[in-house]
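Undergrad: Take a look at this one; I'll ask things after.
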Amino acid sequence: MSLKIKPLTARFGALVGGVDIRSTIADDSIAQIRADFENHSVLVFTDQPMDDARQISWSEQFGPLERTVPSNPAAGSAFARQSNIDIKTGETIPVNDRRMLYQKANMLWHADSTFKETQSLCSILSAREVPPVGGATEFVSTRAVYDELPAALKQELEGLEVEHDLVYSRRIVGFEFTEVEAAAMPSARHRLVQTNPITGRKSVLIGAHAKCIVGWPENRSRELLDDLLAQTTSSENSYRHEWRTNDVVIWDNRSVLHRATPYDGAKYRRLMQRTTVSFVE
Ligand code: OGA
Ligand code: MN
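Heads up, the sequence shown is in numbering that gives the first Met the number 0, so the first residue is 0 and it goes up one at a time.
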């Protein structure tokens, strides 16, 4: 097997060919894919028809899998289901249903699970059913942005902590958790500047769940987080993935943000299954 790596943008992202990730992969190829993941932040694989069992065994090569939060339709399993298809009936969910409002927050730039105590290393999303138009996923690099910050600002950011809160971020799109749901999801604090333990490269952990800088006044805190986000999401720093059925994309939740884009949920079906790997240092 010979892996082929083709960069997707000048700064991050790569298309990986020459490998069937559904079969048992030789250790040296896994090591190469892991290294490519650390270096490129987003890896795209095409023509990899996945079922849940295969996706789990592939994902476990990256580390332990998270269990999904109670508010996701696939709660308690290893899957976060991004879909307009009802998990029980197989019918499409009405566009104004609470479950679709919940997913609308995916359209805000975010990294997965930053609101959890244990951060995520990466997410793995497989396209099971895709609409013929719309529903692309976009990515930006919080590492490329960090590299370009002025030295004085880099110094100021070092040592800062950010509070990440799912209740806060869902509220941005008008979604309110019940008290019972909210109580099950306390916020979490993480270092703003993240250092990749393998490459030593730095990035900033921001995005929709980032509620505030710990200990800072609210307006100053908001201004810094908004400024960093604005710099990160400039168009020359982005990759847009137009999904085809059987694509599998892995992204590094420590060094990229991502967001969903709209599709016509009244007309088309979309089913994406996500596994999320924990970051254990
Ligand atoms: C996710 C996510 C975006 C999409 O799975 O974490 O944000 O386009 N998905 O479905
Ligand atoms: Mn996400």
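The C-beta atom is built at its ideal place from N, Cα and C for all residues, glycine as well.
#1: Tell me whether L107 counts as near ligand 1, meaning its Cβ is closer than 6 Å to at least one heavy atom of that ligand.
#2: Less than 6 Å separating the Cβ of D46 from some heavy atom of ligand 2?
#3: When the Cα of A187 is compared with those of H39, D111, T194, which residue comes out closest?
#4: Enumerated in chain order, which unbroken segments of the alpha helix (DSSP H) with a length of 4 residues or greater are wholly contained in the region 125 to 192?
#5: With a 10 Å radius around its C-beta and 16 neighbouring C-beta atoms as the bar for buried, classify N95 as buried or exposed.
#6: Mapping the DSSP letters down to three states, classify F114 as helix, strand or coil.
#7: Taking the alpha carbon of H282 as the reference point, which residue from P63, M271, T232 has its own alpha carbon closest?
#8: Does N83 pass the burial test, meaning 16 or more other C-beta atoms within 10 Å, or should it be called exposed?
#9: Strictly by DSSP, which residues pair up with I84?
#10: Can you give the beta carbon distance from E241 to A135, rounded, assuming they're within the 8 Å contact cut?
#11: Less than 7 Å between the beta carbons of S234 and R142, yes or no?
#12: Is the beta carbon of I29 closer than 7 Å to that of W57?
#13: Determine the burial state of R125: buried for a count of at least 16 other Cβ atoms within 10 Å of its Cβ, exposed for fewer.
#14: Please report the straight-line C-alpha distance between A9 and E147, rounded to a whole angstrom.
#15: Tell me which residue opens and which closes the beta strand (DSSP E) that S202 is part of.
#16: Straight-line CA distance for Y267 to H208?
#17: Under 8 Å Cβ to Cβ from F11, same chain only, skipping five residues before and after it: list those, please.
#18: DSSP beta-bridge partners for V282?
#19: Can you list, in chain order, the residues of its chain with a C-beta nearer than 6 Å to that of K247? Leave out the 5 residues immediately preceding and following it.
#20: Tell me, please, whether the region 102 to 122 touches the region 54 to 68 by the rule of three or more beta-carbon pairs shorter than 8 Å.
#21: Any heavy atom of ligand 1 closer than 6 Å to the beta-carbon of A259?
#22: Is Q146 near ligand 2, in the sense that its beta carbon is under 6 Å from a heavy atom of that ligand?
#23: Would you say the beta carbon of R273 comes nearer than 6 Å to a heavy atom of ligand 1?
TA: Checking against the coordinates, here is how it stands:
#1: no
#2: no
#3: D111
#4: 141 to 147, 150 to 156, 165 to 171, 178 to 182
#5: exposed
#6: coil
#7: Because the chain spans 0 through 280 in this model, residue 282 falls outside it and cannot be assessed.
#8: buried
#9: T91
#10: 5 Å
#11: no
#12: no
#13: Going by the sequence as given, residue 125 is Ser instead of Arg. When all chains shown are included, S125 counts as buried.
#14: 14 Å
#15: 201 to 203
#16: 29 Å
#17: H39, S40, V41, F138, S140, R142, A143, Y238, S254, V255
#18: Given a span of 0 to 280 for the chain in the structure shown, any question on residue 282 remains unanswerable.
#19: Reading the sequence as shown, one finds Val at residue 247 and not Lys. So the list reads F44, Q47, S125, once near-sequence residues are dropped.
#20: yes
#21: yes
#22: A quick correction: the sequence has Asp, not Gln, at residue 146. Every heavy atom of ligand 2 is 6 Å or more from the Cβ of D146, so no.
#23: yes
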